[in-house]
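137 is the number of the first residue of the sequence shown in this note's numbering; add one for each residue after it.
Cβ atoms here follow ideal geometry from the backbone N, Cα and C, with glycine treated the same way.
Accompanying notes for the structure given below.
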Amino acid sequence: AKSLGVKLQYNWFVTAYLARILGELFAEKCDFMLGLPLDKRLEGVSTSIAFSKPYLTTGFVTVVASDMQANRLEDLKGKRIGVEMHSIADFRLFGLGYERGLYPNQAALFKALIDREVAAAVMWAPMVGWSLKQQNTVPVMILPESRKEFSFPLAIAVRKDEPELLSAINDVVDELIRSGRRDQILAKYNFPGFLAQKKSSILV
Numbered sequence: 137a138k139s140l141g142v143k144l145q146y147n148w149f150v151t152a153y154l155a156r157i158l159g160e161l162f163a164e165k166c167d168f169m170l171g172l173p174l175d176k177r178l179e180g181v182s183t184s185i186a187f188s189k190p191y192l193t194t195g196f197v198t199v200v201a202s203d204m205q206a207n208r209l210e211d212l213k214g215k216r217i218g219v220e221m222h223s224i225a226d227f228r229l230f231g232l233g234y235e236r237g238l239y240p241n242q243a244a245l246f247k248a249l250i251d252r253e254v255a256a257a258v259m260w261a262p263m264v265g266w267s268l269k270q271q272n273t274v275p276v277m278i279l280p281e282s283r284k285e286f287s288f289p290l291a292i293a294v295r296k297d298e299p300e301l302l303s304a305i306n307d308v309v310d311e312l313i314r315s316g317r318r319d320q321i322l323a324k325y326n327f328p329g330f331l332a333q334k335k336s337s338i339l340v
């Protein structure tokens, strides 16, 4: 917003139903939406939206106790892995044949890992980073791998009939990345995993 020279006003909408949230954009209750995954399937939802360049990649990471002998998810085959129920991570782990322990939210999942109810947890990366920043003595670690099926490039959605706004947003995204400001912000919130893969094009 500062780069665009405009005042930022936040409007919060329930995001459980994609069509409902995009309806808020079409109704001009907001000018753009942050955090939508850049996915070909999503682009087919409407011909009336356009996506910016991705401004970061995030997703789910595997978290284990610090004394766990594991470097990747495959090392945990046969062990109980905690996951938030009905999440993408839940569906993907089920499809891969892992034994899951289901929890209602990320906070309960993190507690289950600390209490050793589960051998590992597949958690939403920003939540893990922030939790570890708040509790830096917790004996857990994030496995270093970033799996494609758990990774999502995030972009900004605008109405397709506003190409000038889209172009301006893309210019800002480019500058935030080029200047290093994006990485500084992510580091401030202890954003894990994906940031380390900057050179491999996972971020942009």
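Three-state class that DSSP yields for residue i in the structure shown
i	result
V150	coil
L174	coil
V309	helix
L302	helix
F168	strand
E210	helix
V264	helix
Q320	helix
Q333	The predicted position of Q333 is uncertain, since its pLDDT is 39 and thus under 50; a value taken from the coordinates is nonetheless stated next. Of the three classes helix, strand and coil, the one that applies to Q333 here is helix, per DSSP.
G218	strand
L158	helix
S139	coil
V340	For V340, the predicted structure reports a pLDDT of 32, less than 50, and the residue's modelled location is therefore unreliable. A value from the coordinates is still provided. Correct three-state label for V340: coil.
Identity of the residue in the options nearest residue i by Cα
i	options	result
L279	A186, G265, F168 and F288	G265
A345	G214, E220 and A304	With the chain represented from 137 up to 340, any question about residue 345 goes unanswered, as that position is not in the structure.
S188	V197, L170 and T194	L170
K143	G159, D167, L158 and V150	D167
Range covered by the beta strand (DSSP E) that runs through residue i
i	result
S287	S287 to R295
L238	E235 to Y239
M277	V276 to I278
Residues that residue i bridges to, as DSSP identifies them
i	result
T198	V258
Span of the alpha helix (DSSP H) around residue i
i	result
A186	That residue, A186, is in no alpha helix (DSSP H); its beta strand (DSSP E) goes I185 to F187.
R228	I224 to L232
L249	Q242 to I250
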